Every structure is written in structure tokens, then in C-alpha cells.
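Numbering (UniProt numbering), first residue to last: 1 to 161.
Everything on this sheet refers to the single structure shown next.
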């Protein structure tokens, strides 16, 4: 039968570990200080050229990245963000007086709000979605109820939560 591990039974092991670490630390630091970069060949790794398809995909990805970083790409991104922020909010979901989600084109929500949505939510009417959220105890306001805000405003409110 094995007895319980007590503080005194662990002490010799801890002492041995500490001594071993102390003994190897100086050697490790010396090796680290003298370390130099190695080539793949020195490590026995053989580099192979990727397929033409992979090379093309990589080149396209790099070109897109460069374009996104260009003035034209940044202007396009700003234009897309402005379009998104201008979208009217169709439905806002509240819990305890605080906005926890909204729908403007797509659905944005805090935490696991998206888990409440049925799989076919994209094809549902706003009134049906309102009922889904209300059945889970949320207060829902729609444009029909007088909701008047755009995606950018709703995102700012949601991000402050």
C-alpha cells in the first residue's frame, strides 16, 4: 500500500531537482550565449519547392496584402467600413436595459447570443426573430417599434458593454 505524499516525503525530490537545475543552468547559459543560426541542411532538413498551385496562391495572397496596405487599399477599406456603419439596424436586443445584440445585415452580439439564433435565421422575418429572442427573456426593439440607429452607432453601444 502506498502512503500519502507528505511534505517531508517530497523534500528530497525537490532538493534534487533544484540541485540539478542549478548545476545545468550555467552550462545552458553558456551554450545559449554561443548559439548561432543554423541552416536547414545542417539540421538534415531537405527543403522542397512547393507546387506551382501553392506558389501561385502564396503570390496572390502576398499581392492582396500589399494592395490592402497601399493607399488605394486603405481607401477601399474605409469605404467598406462607411457602408457597413451606415446600414440601418433592423433589430436591437436588450437584457437588463443594456444592448446585448443587434441585426444590421448580419447579427452582432455579446457572448453566446448567436447560439440562440436558429440555423435558418438569415431567411427569417424580423418579427419572427423578435419572438425568438423574447422567448429567451430578452427585450427586443425593431424599426417598426421606432428603433432608429445605424450599424456604427449600435456597434459603439455594444462595444461599451
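All C-beta atoms, glycine included, are put in the ideal place defined by N, C-alpha and C.
Here the structure is a predicted model, which means the values were calculated and not measured.
query: Residue 150 - partner residues in DSSP beta bridges; result: 88
query: Alpha-carbon to alpha-carbon, residue 132 and residue 67; result: 42 angstroms
query: Between the CA atoms of residue 50 and residue 27 - distance to the nearest angstrom; result: 40 angstroms
query: Close-in-space but distant-in-sequence residues of the same chain around residue 136 (CB under 8 angstroms, 5 per side omitted); result: 116
query: Status (buried if at least 16 other CB within 10 Å, exposed otherwise) for residue 54; result: exposed
query: 8 angstroms Cβ cutoff met for residue 92 and residue 141; result: yes
query: Close beta carbons around residue 56, own chain, < 7 angstroms, minus the five adjacent residues each side; result: none
query: Three-state secondary structure assigned by DSSP to residue 48; result: coil
query: Sub-8 angstroms separation of residue 108 and residue 101 beta-carbons; result: yes
query: contact_flag[the segment 145-152, the segment 77-96] where n(CB pairs < 8 angstroms) is 3 or more; result: yes
query: Three-state secondary structure assigned by DSSP to residue 28; result: helix
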